[in-house]
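Following: one structure in structure tokens, then a few remarks.
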Amino acid sequence: GDGRYTLDGFSYNVVANGDNGAIIGSCSMYGGRSLKAQIIDGDGKTLFPEGVALSDDNQVHSGRFMMSADGEGGALFTWGSSENIYSVEHSSVQRISAEGELLWGDSGIRLDDWNY
Numbered sequence: 010g011d012g013r014y015t016l017d018g019f020s021y022n023v024v025a026n027g028d029n030g031a032i033i034g035s036c037s038m039y040g041g042r043s044l045k046a047q048i049i050d051g052d053g054k055t056l057f058p059e060g061v062a063l064s065d066d067n068q069v070h071s072g073r074f075m076m077s078a079d080g081e082g083g084a085l086f087t088w089g090s091s092e093n094i095y096s097v098e099h100s101s102v103q104r105i106s107a108e109g110e111l112l113w114g115d116s117g118i119r120l121d122d123w124n125y
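The numbering used here numbers the first residue of the sequence shown as 10 and each following residue consecutively.
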């Protein structure tokens, strides 16, 4: 393809989007913790050069980030968040459409509050 996925990710996950392409999730620990997605079409072209921010949560825990296909060309993302990287204080989920639209608000849905 002609695109390059250039996000400064710390951990990555990928799912097929059902259109010979893929959705890549990236959790970054550099310059603030963040979670982004990139959609790559069947020709390897990136849909969003800078990725799509999946949440305005700046405390994403990279070790607690997972994703799965939603069966409609999009993906579901789950993550844990905390002020430090050694614990998790709450969990959230976000759904992104095949077009890169955030389907569950700017922050996703907060699932719970807990500490460990």
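The beta-carbon is built from N, C-alpha and C at its ideal position, and this holds for glycine as well. Note that the structure is a prediction, hence the values are computed from the model and not measured.
Residue i versus residue j: straight-line alpha-carbon distance, rounded
i: Val-102; j: Leu-112; result: 11 angstroms
i: Phe-57; j: Arg-119; result: 26 angstroms
i: Gly-80; j: Val-23; result: 14 angstroms
i: Asp-50; j: Glu-59; result: 15 angstroms
i: Asp-65; j: Glu-98; result: 16 angstroms
i: Thr-87; j: Asp-121; result: 12 angstroms
Cβ shell of residue i (< 7 angstroms), same chain only, five flanking positions each side left out
i: Tyr-21; result: Ile-33, Gly-34 and Ser-35
Local Cβ density within 10 Å of residue i, reported as buried at 16 or more and exposed below that
i: Asn-29; result: exposed
i: Ala-31; result: buried
i: Tyr-125; result: Since pLDDT at Tyr-125 reaches only 48, below the 50 mark, its modelled position is unreliable, and the value read off the structure follows with that caveat. Under this definition Tyr-125 is an exposed residue.
i: Gly-117; result: buried
i: Ala-7; result: The chain is shown only over 10 to 125; residue 7 falls outside these bounds and no answer can be derived.
Simplified DSSP state of residue i, which is helix, strand or coil
i: Asn-22; result: strand
i: Gly-83; result: coil
i: Ile-105; result: strand
i: Asp-115; result: coil
i: Asp-50; result: coil
i: Gly-89; result: strand
i: Ser-64; result: coil
i: Asp-28; result: coil
Proximity below 8 angstroms, CB of residue i to CB of residue j
i: Gly-89; j: Ser-100; result: yes
i: Ile-105; j: Leu-63; result: yes
i: Leu-85; j: Ser-91; result: no
Spatial neighbours of residue i in its chain, beta-carbon cut-off 6 angstroms, leaving aside the 5 residues before and after
i: Ile-48; result: Ile-32, Leu-56 and Gly-109
i: Gly-10; result: At Gly-10, the pLDDT of 47 sits below 50, so the modelled position is not reliable; the number obtained from the coordinates is stated separately. Closer than 6 angstroms at Cβ, skipping near neighbours: Asp-52, Gly-53 and Lys-54.
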